[in-house]
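**Student:**
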Amino acid sequence: MLHANTTHNRQQPRTTVRFAPSPNGLLHLGHARSAILNARFAAAHDGRFLLRIEDIDITRARPEYEAAIVKDLDWLGLSWSKPVRRQSDHFADYASALTELRRLGLIYPAFLSRSETQARVRDIESTGRSWPRDPDGAPHYPGDDRNLSDAERMARIADGAPHAWRLDMTAALTGLGVGLTWNEHGAGPEGETGRIAADPAAWGDVLLARRDIPASYHVAVSVDDAIQEITDVIRGQDLFAATSVHRLLQHLLGLPVPRYRHHGLVLDGSGQKLSKSDGATSLASLRDQGLAPVDVIALAGLAPDG
Ligand code: GLU
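Under UniProt numbering, the residues of the sequence shown are numbered 1 to 306, in order.
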């Protein structure tokens, strides 16, 4: 006889969300919107709100920006569960993911530098052929290193040839069977919602580790969302298209799939997305101008409280 508790007794995981800024500039109104939406969602679901510092780009991350993030979030009245996860402390976790993808035969060393990549694409396009761009507008990787033999790869690496690591997208999609999807509870830039068909091929042979940094955003975010048991990813619509890559990595690495809630961006007066390089809407400068958190919440397009 079956015991009652052996059937359909899986507990729902506790709602867990994260705000995941990169400490390479000051937070602006768009970040405030994202952070507050995450914190309010956690509060409404008796869940946990985490802060993750996405500083794998050690060439651009600066400790003073991390300190400024904490100061701005404190000022907004937000609090988060400790410890804070700082990605640069966890390169070993991303290396394990790469090792697994290498074991599956899905990654290859990519030897073209950024300028060689641009030159190669210019050459192709100068012959009148068009060359695909990813959803962020960058050209697909044009190198043919994916066809090198293992012996050639090892010889070049042993020679000290600088190289990044890329996903062999065609190989990764081979034998996938049913297409990958995710549940979108927010909306994409075109209002996409509900069950979304992922389109990782649109990204080409996506970058998994840089020459100088042993991980990429896509790897780190997919691994960390799993390690931190994130149930709901709440972030700006500018990352909607990247979700296709995250879904593929989750599938290949056997990671759980969170729900996604992409939200609209805060735009400037000319309808452009805010950028960290334009200090005008930084939370620090709004505070210095005498604005209160309640003003920032309104400028970020949110109701005064939950
Ligand atoms: N670190 C990313 C950013 O600052 C956010 C990553 C994410 O929420 O998935 O845009």
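C-beta: ideal position from N, C-alpha, C; glycine also. Note that the structure is a prediction, hence the values are computed from the model and not measured.
Please confirm whether Gln87 and Glu66 have their CB atoms less than 7 Å apart.
**Tutor:** As a working mapping, residue 87 is identified with position 87 in the sequence shown. As a working mapping, residue 66 is identified with position 66 in the sequence shown. No, these two residues do not count as a Cβ contact at 7 Å.
**Student:** Name the DSSP beta bridge partners of Lys273, please?
**Tutor:** Reading the sequence shown from its first residue, position 273 is the one you call residue 273. The partner list for Lys273 (beta bridge, DSSP) reads Leu267.
**Student:** When you compare the CB positions of Pro135 and Val121, do they come within less than 7 Å of one another, or not?
**Tutor:** Here residue 135 is taken as the residue at index 135 of the sequence shown, counted from 1. Here residue 121 is taken as the residue at index 121 of the sequence shown, counted from 1. It is not a contact, given that the beta carbons lie outside the stated cut-off.
**Student:** Throw me the rounded Cβ distance for the Leu106 and Leu291 pair, which I believe falls under 8 Å.
**Tutor:** On the sequence shown, position 106 is the one that residue 106 refers to. On the sequence shown, position 291 is the one that residue 291 refers to. Wrong, their Cβ atoms sit about 49 Å apart, outside the cutoff.
**Student:** Measure the C-alpha to C-alpha separation of Ala226 and Gly128 and round it to an integer number of angstroms.
**Tutor:** Position 226 of the sequence shown, counted from the first residue, corresponds to residue 226. Position 128 of the sequence shown, counted from the first residue, corresponds to residue 128. Using only the alpha carbons, I get a separation of about 44 Å.
**Student:** With H, G and I counted as helix, E and B as strand and the rest as coil, what does DSSP make of Ala196?
**Tutor:** Counting from one through the sequence shown, the residue named residue 196 turns up at place 196. According to the sequence provided, residue 196 is Ile. The question's Ala does not apply to it. Of the three classes helix, strand and coil, the one that applies to Ile196 here is strand, per DSSP.
**Student:** If I measure Cβ to Cβ from Gly269 and keep anything under 6 Å in the same chain, skipping five residues before and after, which residues do I get?
**Tutor:** Looking up residue 269 in the sequence shown gives position 269. Cβ neighbours of Gly269 beyond the five flanking positions: none.
**Student:** By DSSP, does Val17 sit in helix, in strand, or in coil?
**Tutor:** Here residue 17 is taken as the residue at index 17 of the sequence shown, counted from 1. Strand at Val17.
**Student:** Should Arg235 be listed as close to ligand 1, given that the test is whether its C-beta is under 6 Å from any heavy atom?
**Tutor:** In the sequence shown, counting from the first residue as 1, residue 235 sits at position 235. Yes, Cβ of Arg235 sits closer than 6 Å to a heavy atom of ligand 1.
**Student:** Cutting at 6 Å between CB atoms, please list the residues of its own chain near Arg85, excluding the five before and the five after it.
**Tutor:** For the purposes of this step, residue 85 is identified with residue 85 of the sequence shown, where counting begins at 1. The residues are Arg52.
**Student:** Measuring only the C-alpha atoms, how far is Ala241 from Leu267?
**Tutor:** Sequence index remark: in the sequence shown, residue 241 carries index 241 (1-based). Sequence index remark: in the sequence shown, residue 267 carries index 267 (1-based). So the two alpha carbons sit approximately 19 Å from each other.
**Student:** Helix, strand or coil: how does DSSP classify Tyr141 here?
**Tutor:** In the sequence shown, counting from the first residue as 1, residue 141 sits at position 141. DSSP places Tyr141 in coil when its eight states are reduced to three.
**Student:** For Asp232, which residues of its own chain have a beta-carbon under 7 Å away from its beta-carbon, when the five flanking residues on both sides are left out?
**Tutor:** The sequence position of residue 232 within the sequence shown is 232, counting from 1. Here the set comprises Thr15, Val17, Phe41, Pro258, Arg259, Arg261.
**Student:** Could you spell out the range, first to last residue, of the beta strand (DSSP E) harbouring Leu167?
**Tutor:** The residue labelled residue 167 in the question sits at position 167 within the sequence shown. Run containing Leu167: 164–167, per the beta strand (DSSP E) assignment.
**Student:** Is the separation between the beta-carbon of Gly186 and that of His263 shorter than 7 Å?
**Tutor:** As a working note, residue 186 is residue 186 in the sequence shown. As a working note, residue 263 is residue 263 in the sequence shown. Against a cut-off of 7 Å, the Cβ pair of His263 and Gly186 comes out as a contact.
**Student:** Could you give the uninterrupted runs of the beta strand (DSSP E) lying entirely in the stretch 66–147, keeping only those of 3 residues or more?
**Tutor:** Within the stretch 66–147, the complete beta strand (DSSP E) runs of at least 3 residues are 81–86, 107–110.
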